[in-house]
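S.K.:
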Amino acid sequence: MDIFEEKNIKPMLIGENQDAFDSPDYIYELKLDGERCIAYLDKDSTELRNKRNVKMLSKVPELSEIHKQVKCRCILDGEQIVMVNGRPSFAEIQRRSLMSNAFKIKLAAEKNAASFIAYDILYYKDRQVTDLPLMERKKLLQKVVKAENDRFAISRYIEEKGIALYELAEQQKLEGIVAKRKDSKYYFDKRTKDWIKIKWLLDDDFVVCGYILKGAGKISLVIAQYREGVLVYKGHVTSGVTSRHIDILSQLQRLSSPSLEVPSGNDNAVWLEPKQVCVVQWMPRDNGALNQSVFKGFRDDKEPKECIEKSKP
Numbered sequence: 001m002d003i004f005e006e007k008n009i010k011p012m013l014i015g016e017n018q019d020a021f022d023s024p025d026y027i028y029e030l031k032l033d034g035e036r037c038i039a040y041l042d043k044d045s046t047e048l049r050n051k052r053n054v055k056m057l058s059k060v061p062e063l064s065e066i067h068k069q070v071k072c073r074c075i076l077d078g079e080q081i082v083m084v085n086g087r088p089s090f091a092e093i094q095r096r097s098l099m100s101n102a103f104k105i106k107l108a109a110e111k112n113a114a115s116f117i118a119y120d121i122l123y124y125k126d127r128q129v130t131d132l133p134l135m136e137r138k139k140l141l142q143k144v145v146k147a148e149n150d151r152f153a154i155s156r157y158i159e160e161k162g163i164a165l166y167e168l169a170e171q172q173k174l175e176g177i178v179a180k181r182k183d184s185k186y187y188f189d190k191r192t193k194d195w196i197k198i199k200w201l202l203d204d205d206f207v208v209c210g211y212i213l214k215g216a217g218k219i220s221l222v223i224a225q226y227r228e229g230v231l232v233y234k235g236h237v238t239s240g241v242t243s244r245h246i247d248i249l250s251q252l253q254r255l256s257s258p259s260l261e262v263p264s265g266n267d268n269a270v271w272l273e274p275k276q277v278c279v280v281q282w283m284p285r286d287n288g289a290l291n292q293s294v295f296k297g298f299r300d301d302k303e304p305k306e307c308i309e310k311s312k313p
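Numbering (the UniProt record's numbering), first residue to last: 1 to 313.
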């Protein structure tokens, strides 16, 4: 099986969040607030696919020529990001991924162009290289790239000093960092302890089950996650939700009653079929609640059934 021809890769997953640490056995990279992306680059073509293997290039046409930045056929794992005010904007890249109108996509690309940031190579010169240690793959990644530009770049990393990079990310209000074991192999669609996310703000994926229109233009989303195959109520998120997001949710079927058990305080909710996934960010606290929660955006690269509660309360 040739993975380039198959074009059916599910990327390696990052392990659960933990505290920052230093180690000579790891490298550390900034965690970019974008959308995971597999790039199939050939002599005359670029093809981008998300984690669900959905083609993405029509959403980011400005990336259609990044194959010109590499020397030979390859598959790269990375992130597509959109910079707004000097930092990656998850909301902007997710807004783009939900667009379907070609003219609006063109205008968005002209205003805030996307970039592809590569941090791994999976295929090089007609050969799968996922069994190579990470540091050898990093060398191949450097070797395959002709030049970087505004639309295509290689992710930078440092060795050993994870705490310092984490503190820098926190100071700059960036999402966090990822620690990767130097000798780690690449496992498709697997989550291992070889790659670890270290974030100062927590975020997770939730299923939108409904919304509540409040006074003064405020809107709350009713969110949930799956526990043993059953949707479990997780609360509301209000900050960051706008009428534009409700326009997107209006495409979902309305329900006469909620699809899950909910506590009091949800009497005025508009209930929806639970098919839309969203990302919510919050400050970590010992009680496990979503403190100071902020809606970051919708995502179409994940199924609702994949929004699983991390641990039981």
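Yeah, the Cβ is synthetic: ideal placement off N, Cα and C, and Gly gets one too.
Bear in mind the structure is a predicted one, so any value in this text is a computation, not a measurement.
DSSP three-state label for residue 313, please.
M.R.: Within the sequence shown, the letter at position 313 stands for residue 313. At residue 313 the pLDDT is 42, less than 50, meaning the model places this residue with poor confidence; the figure from the coordinates comes in the next sentence. Of the three classes helix, strand and coil, the one that applies to residue 313 here is coil, per DSSP.
S.K.: Could you tell me whether the stretch 63-79 touches the stretch 129-146, where touching means 3 or more Cβ pairs closer than 8 Å?
M.R.: Output reads yes: the stretch 129-146 touches the stretch 63-79.
S.K.: Measure the CB-CB distance between residue 211 and residue 129 and report whether it falls below 7 Å.
M.R.: For the purposes of this step, residue 211 is taken as the residue at position 211 of the sequence shown. For the purposes of this step, residue 129 is taken as the residue at position 129 of the sequence shown. No; because the gap between Cβ atoms is not below 7 Å, this pair is not in contact.
S.K.: Do the stretch 44-59 and the stretch 161-169 make contact, defined as three or more Cβ pairs closer than 8 Å?
M.R.: With the cut-off at 8 Å, the stretch 44-59 and the stretch 161-169 do not touch.
S.K.: Residue 246: which of 264, 149, 102, 213 sits nearest, CA to CA?
M.R.: The residue you call residue 246 lines up with position 246 of the sequence shown. Per the Cα distances, 213.
S.K.: In terms of alpha-carbon separation, which member of 310, 300, 309 lies closest to residue 52?
M.R.: Start at 1 with the first residue of the sequence shown, and residue 52 comes out as number 52. Measuring from the Cα of residue 52, the nearest candidate turns out to be 300.
S.K.: Quick check on the burial criterion: 16 or more other C-beta atoms within 10 angstroms. Buried or exposed for residue 107?
M.R.: Here residue 107 refers to the residue found at position 107 of the sequence shown. With fewer than 16 Cβ atoms within 10 Å of its Cβ, residue 107 is classed as exposed.
S.K.: If we count the other Cβ atoms within 10 Å of its Cβ and call it buried at 16 or more, is residue 81 buried or exposed?
M.R.: The sequence position of residue 81 within the sequence shown is 81, counting from 1. With 16 or more Cβ atoms within 10 Å of its Cβ, residue 81 is classed as buried.
S.K.: Candidates 218, 155, 36, 15: which alpha carbon is nearest residue 302's?
M.R.: Indexing the sequence shown from 1 puts residue 302 at position 302. Of the candidates 218, 155, 36, 15, the one whose C-alpha sits nearest the C-alpha of residue 302 is 36.
S.K.: Given a threshold of 16 other Cβ atoms within 10 Å of its Cβ, counted over all protein chains shown, does residue 234 qualify as buried or as exposed?
M.R.: Residue numbering aside, residue 234 sits at position 234 when the sequence shown is read from its first letter. With 16 or more other Cβ atoms within 10 Å, it is buried.
S.K.: Using CA coordinates, which residue listed in 159, 32, 114, 145 is at the minimum distance from residue 135?
M.R.: Here residue 135 is taken as the residue at index 135 of the sequence shown, counted from 1. Ranking 159, 32, 114, 145 by Cα distance to residue 135 puts 159 first.
S.K.: Do you know offhand how far residue 181's Cα is from residue 27's?
M.R.: Residue 181 sits at position 181 when you count from the first residue of the sequence shown. Residue 27 sits at position 27 when you count from the first residue of the sequence shown. Between residue 181 and residue 27, the C-alpha separation is close to 6 Å.
S.K.: Rounded to whole angstroms, how far is the Cβ of residue 137 from the Cβ of residue 13, which I believe are closer than 8 Å?
M.R.: Stepping through the sequence shown from its first residue, residue 137 is reached at position 137. Stepping through the sequence shown from its first residue, residue 13 is reached at position 13. Their Cβ separation, rounded to whole angstroms, is 17 Å, which puts residue 137 and residue 13 out of contact at 8 Å.
S.K.: Can you check which of these residues, 177, 113, 309, 263, is closest to residue 64 by C-alpha distance?
M.R.: Stepping through the sequence shown from its first residue, residue 64 is reached at position 64. Per the Cα distances, 113.
S.K.: Which whole-angstrom value is the C-beta distance of residue 15 and residue 308, which I expect to be below 8 Å?
M.R.: Counting from 1 along the sequence shown, the entry for residue 15 is found at position 15. Counting from 1 along the sequence shown, the entry for residue 308 is found at position 308. Not really, about 15 Å apart at Cβ, beyond 8 Å.
S.K.: Report back the beta-carbon spacing between residue 22 and residue 199 to the nearest angstrom; my notes put them in contact at under 8 Å.
M.R.: Residue numbering aside, residue 22 sits at position 22 when the sequence shown is read from its first letter. Residue numbering aside, residue 199 sits at position 199 when the sequence shown is read from its first letter. Actually they do not touch by this definition, with Cβ atoms about 17 Å apart.
S.K.: For residue 3, which residues from the same chain have a beta carbon less than 8 Å from its beta carbon, with the 5 sequence-adjacent residues on both sides left out?
M.R.: Reading the sequence shown from its first residue, position 3 is the one you call residue 3. Same-chain partners within the cutoff: 9, 75, 122, 123, 128.
S.K.: Per the DSSP calculation, residue 206 is bridged to which residue(s)?
M.R.: Mapped onto the sequence shown, residue 206 falls at position 206. Per DSSP, 278.
S.K.: With DSSP collapsed to three states, give me the class of residue 81.
M.R.: On the sequence shown, residue 81 is found 81 positions in, with the first residue counted as 1. In the structure shown, residue 81 sits in a strand (DSSP, three-state: E or B).
S.K.: Could you check the C-alpha separation between residue 57 and residue 95 for me, to the nearest Å?
M.R.: Sequence index remark: in the sequence shown, residue 57 carries index 57 (1-based). Sequence index remark: in the sequence shown, residue 95 carries index 95 (1-based). Distance between the alpha carbons of residue 57 and residue 95: 14 Å.
S.K.: Drop a sphere of 10 angstroms on the beta-carbon of residue 205, count the other beta-carbons inside from all chains shown, and report buried for 16 or more, exposed for fewer.
M.R.: Position 205 of the sequence shown, counted from the start, is the residue given in the question as residue 205. Under this definition residue 205 is a buried residue.
S.K.: DSSP has residue 159 in a bridge; who is on the other side?
M.R.: Mapped onto the sequence shown, residue 159 falls at position 159. For residue 159, which the question treats as bridged, DSSP gives the partners 27.
S.K.: Rounded to the nearest angstrom, what separates residue 188 and residue 220 at their Cα positions?
M.R.: Taking the first residue of the sequence shown as 1, we reach residue 188 at position 188. Taking the first residue of the sequence shown as 1, we reach residue 220 at position 220. Approximately 36 Å between the Cα atoms of the pair.
S.K.: With distances taken Cα to Cα, identify the nearest neighbour of residue 69 among 176, 111, 115.
M.R.: If you number the sequence shown from 1, residue 69 lands on position 69. Looking at the Cα atoms, 115 is the closest of the given residues.
S.K.: Locate the beta strand (DSSP E) running through residue 138, then write down its first and last residues.
M.R.: As a working mapping, residue 138 is identified with position 138 in the sequence shown. Per DSSP, residue 138 belongs to no beta strand (DSSP E); it is in the alpha helix (DSSP H), 134-144.
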